[in-house]
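Have a look at the structure below, then the notes.
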Amino acid sequence: MRNALRWLFSNLGLMVLSVALAFLVWAVAVEQENPTMERRYPTPIPVTIPPAPEGMTLYGETDVQVYVTLRAPRSVMESLRPEDFRATVDIDQMEVGAQHLPVQVQVNREPVRVLEVEPAEITLYLEPTGYATVPVGVRLDGNTAIGYIPRPPIVNPMTTTVSGPASLVSRVAEAVAVVSIEGERADVEGTFELVPQDEEGATVPYVVLDPAEVAVHVPIEKLSGFLEVAVTALLEGQVAPGYRISSITVDPPLVTVYGPPEAIEQIPGYLQTVPLNLEGAKGDITAQLPLVVPEGVSLVGMEEPVVTVRVSIVPLEGSLTVERKVEIQGMEPGFTATVAPDVVEVILSGPLPVLDQLTEDEVRVLVDLLGLNPGIHSLKPEVVVPPEVRAEAVIPSSVQVEIALLATPTPTPER
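Using this note's numbering, the first residue of the sequence shown is number 208, and each one after it goes up by one.
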């Protein structure tokens, strides 16, 4: 027994050295198979901001993401997912005012070491929460169509409550809804987002509005003596045999006229150009043509009463021009509508046998009034034709539709 103990003690150093060498060989083998890596994690990690104490508001860099540089074995590094990270800051010792707080990143995987966080800190502000009631204003953006004018907007509700950092709440003078009226010819209404603004019109950040949206109705009124009408090209003559007209465009397609009410009332909703002679034409024609403007009426926004007419002429496949009455669809009950012109020309193309057998009911011209408010509207008709036939053009390309409330008959007194 003594000999065995003596041998053990005499060889203890060699045994410890052997174990250490074995561990070193194992560690080297493991490192070679699964080496330790240092790498910046490619996905940014959002910083979670704890809730502010009661009666206080926390603001500043509250929507920040950080990048993290890590050290970990390759197998762990390659298996990391964004949900394995949690980035936050400690606000327990914050005082009122601005503070720079270090970002703390935890990784719920082992063994992982966080080497660097970018940015390393964020700036937050702590203030008492303030409240205020401010008026709601409307800012109109753009201009209505010529001959129309916006009237004062109607807004509901007329006030909103502002909450947030007291110093910023005190700067809010008004909550503004921006409403575009560009090119409008009828009332504009809808729900619009409010923007908190100070007395200079600058947006105030970090505050909350309740409600954050309001309903706005902007009446658009037609000015007396103004009328928007379609422009139609007057064509005469026949193109060369074997050719057809594929399209006709007028630029501008609509013009606004101004004059005494009695003169405006005589305009049928459109103006024609002087005749354009197409006799024997074999190719496209572009011409500057004067408009025939009634006496006592002037054009608004045009130095000369001239429009550009483009006629596209292509080899004949089969073409036919028909006249159709404009049909109304989608009109709400209790309304009436007047179309001018109420008859349009439709240029059709397709196989000649199909064109030759077209019936009246197979070609229809429709205007959809669904959702339109009372007033005057310029609409592009929709042409319904059989599948083999194409509607190449409508003359005029748009029609004027006046929508009005249906008059309620006066009740007859009982005898």
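Backbone N, C-alpha and C fix where the C-beta goes; we use that ideal spot for every residue, glycine too.
On a predicted model such as this, the values are computed, not experimentally measured, just so you know.
Per-residue DSSP class, three states only, for M263: Along the sequence shown, one-based indexing puts residue 263 at 56. Reduced to three states, the DSSP call for M263 is strand.
Among the residues of its own chain, which have a CB less than 8 Å from the CB of L612, if the five just before and after it don't count? Along the sequence shown, one-based indexing puts residue 612 at 405. Result list for L612: G541, F542, T543 and P581, in chain order.
Cα-Cα, which of Y450, S282 and E428 is closest to P522? Start at 1 with the first residue of the sequence shown, and residue 522 comes out as number 315. It is Y450 whose Cα lies nearest to the Cα of P522.
Using 8 Å as the threshold, is the segment 476-484 in touch with the segment 433-449, meaning 3 or more CB pairs across them? yes
Simplified DSSP state of D568, which is helix, strand or coil: On the sequence shown, residue 568 is found 361 positions in, with the first residue counted as 1. D568 falls in the helix class under three-state DSSP.
Opening and closing residue of the beta strand (DSSP E) in which S431 lies: As a first step, residue 431 is located in the sequence shown; it is residue number 224 there, counting from the start. S431 -> no beta strand (DSSP E), and no H or E assigned at all.
Among the residues of its own chain, which have a CB less than 6 Å from the CB of V500, if the five just before and after it don't count? Mapped onto the sequence shown, residue 500 falls at position 293. Around V500: P512.
Start-end ranges of the beta strand (DSSP E) lying completely within the segment 437-469, minimum 3 residues: DSSP runs (the beta strand (DSSP E)) wholly in the segment 437-469: 450-458 and 461-465.
Is it true that the CB of V507 sits closer than 8 Å to the CB of Y566? In the sequence shown, counting from the first residue as 1, residue 566 sits at position 359. In the sequence shown, counting from the first residue as 1, residue 507 sits at position 300. Checking the displayed sequence, the identity of residue 566 turns out to be Thr instead of Tyr. It is not a contact, given that the beta carbons lie outside the stated cut-off.
Can you name, in chain order, every residue of its own chain whose Cβ lies under 8 Å from the Cβ of E302, other than the five neighbours on each side? Numbered from its first residue, the sequence shown carries residue 302 at position 95. Result list for E302: L333, in chain order.
Report the partner residues of T330 according to the DSSP bridge assignment. Along the sequence shown, one-based indexing puts residue 330 at 123. In DSSP, T330 forms a bridge with H307.
Could you please give me the residues that DSSP links to M244 through a beta bridge? As a working note, residue 244 is residue 37 in the sequence shown. According to DSSP, M244 bridges with A279.
Assigned secondary structure, V551 (DSSP; H/G/I helix, E/B strand, else coil): By 1-based counting over the sequence shown, the position of residue 551 is 344. Here V551 sits in strand by DSSP.
Taking Cβ positions, are G432 and P475 nearer each other than 8 Å? Position 225 of the sequence shown, counting from 1, holds the residue named residue 432. Position 268 of the sequence shown, counting from 1, holds the residue named residue 475. Cβ atoms of G432 and P475: not closer than 8 Å.
When we look at the beta-carbon of L559 and count the other beta-carbons within 10 Å, is it buried (16 or more) or exposed? Counting from one through the sequence shown, the residue named residue 559 turns up at place 352. So L559 ends up on the exposed side.
Start-to-end residues for the alpha helix (DSSP H) that takes in V561: Within the sequence shown, residue 561 is the residue found at index 354, counting from 1. L559 to D563 is the extent of the alpha helix (DSSP H) around V561.
Could you tell me whether the segment 284-304 touches the segment 376-384, where touching means 3 or more Cβ pairs closer than 8 Å? Short answer: they don't touch.
Which residues bound the beta strand (DSSP E) around A419? For this step, residue 419 is matched to residue 212 along the sequence shown. Careful: A419 lies outside any beta strand (DSSP E) and carries neither H nor E.
Beta bridge counterpart(s) of P342 as assigned by DSSP: Counting from one through the sequence shown, the residue named residue 342 turns up at place 135. T366, per the DSSP bridge assignment.
With 16 other CB atoms within 10 Å as the buried threshold, where does M284 fall? For the purposes of this step, residue 284 is identified with residue 77 of the sequence shown, where counting begins at 1. M284 comes out buried.
According to DSSP, residues forming a beta bridge with G476: Numbered from 1 along the sequence shown, position 269 holds the residue referred to as residue 476. G476 is not bridged to any residue.
Can you tell me whether Y338 is buried or exposed? The criterion is at least 16 other CB atoms within 10 Å of its CB, across all chains shown. Translated into the one-based positions of the sequence shown, residue 338 becomes position 131. So Y338 ends up on the exposed side.
For P588, the nearest candidate out of V601, E595 and R597 (CA to CA): The sequence position of residue 588 within the sequence shown is 381, counting from 1. That would be V601, whose Cα lies nearest to the Cα of P588.
Which residue from R247, T295, A259 and L277 puts its Cα closest to that of P253? Against the sequence shown, residue 253 aligns to sequence position 46. Minimum Cα distance to P253 is reached at T295.
Mind reading off the beta-carbon distance from A382 to F399? Whole number of angstroms is fine, and I expect it under 8 Å. To locate residue 382, count along the sequence shown from 1; it is residue 175. To locate residue 399, count along the sequence shown from 1; it is residue 192. In this structure A382 is not in contact with F399, their Cβ atoms being roughly 11 Å apart against a cut-off of 8 Å.
Quick one: measure Cβ to Cβ for I388 and I452, integer angstroms, because I've assumed they're closer than 8 Å. What you label residue 388 is simply residue 181 of the sequence shown in a count that begins at 1. What you label residue 452 is simply residue 245 of the sequence shown in a count that begins at 1. Their Cβ separation, rounded to whole angstroms, is 38 Å, which puts I388 and I452 out of contact at 8 Å.
What three-state label does DSSP hand D575 in the structure shown? Along the sequence shown, one-based indexing puts residue 575 at 368. Looking at D575 - three-state DSSP - the assignment turns out to be strand.
Taking C-alpha atoms, which residue in I353, T493, Y266 and S604 lies nearest to P437? Here residue 437 refers to the residue found at position 230 of the sequence shown. With the sequence shown as reference, residue 437 is identified as Ala, and Pro is not the correct amino acid for it. For the residues I353, T493, Y266 and S604, the minimum Cα distance to A437 belongs to S604.
To the nearest angstrom, how far is the alpha carbon of V362 from that of A419? Numbered from its first residue, the sequence shown carries residue 362 at position 155. Numbered from its first residue, the sequence shown carries residue 419 at position 212. Each residue's alpha carbon lies about 13 Å from the other.
By a C-beta neighbour count over all protein chains shown, 10 Å radius and 16 as the cutoff for buried, is T264 buried or exposed? In the sequence shown, the residue the question calls residue 264 occupies position 57. The residue in question, T264, is buried, as its Cβ has 16 or more Cβ neighbours within 10 Å.
For a quick check, are the C-beta atoms of I535 and L577 less than 8 Å apart? One-based indexing of the sequence shown puts residue 535 at position 328. One-based indexing of the sequence shown puts residue 577 at position 370. In this structure, L577 does not lie closer than 8 Å to I535 by Cβ.
Candidates E552, T515, S519 and R517: which alpha carbon is nearest K532's? The residue given as residue 532 occupies position 325 in the sequence shown. Nearest to K532 by C-alpha distance, out of E552, T515, S519 and R517, is E552.
Under a three-way DSSP split, which group does E486 fall into? Here residue 486 corresponds to residue number 279 of the sequence shown, with the count starting at 1. Three-state result, E486: coil.
Where V232 falls, given that 16 or more other Cβ within 10 Å makes a residue buried: Within the sequence shown, the letter at position 25 stands for residue 232. Residue placement at V232 is poorly supported in this model, since its pLDDT is 47, which falls under 50; the coordinates are not used for a value here.
So, are the CB atoms of L555 and S585 less than 8 Å apart? Locating residue 555 in the sequence shown gives position 348, counting from the first residue. Locating residue 585 in the sequence shown gives position 378, counting from the first residue. Result no, Cβ atoms of L555 and S585 do not sit closer than 8 Å.
Quick check on DSSP: helix, strand or coil for L375? If you number the sequence shown from 1, residue 375 lands on position 168. If DSSP states are grouped into helix, strand and coil, L375 belongs with the helices.
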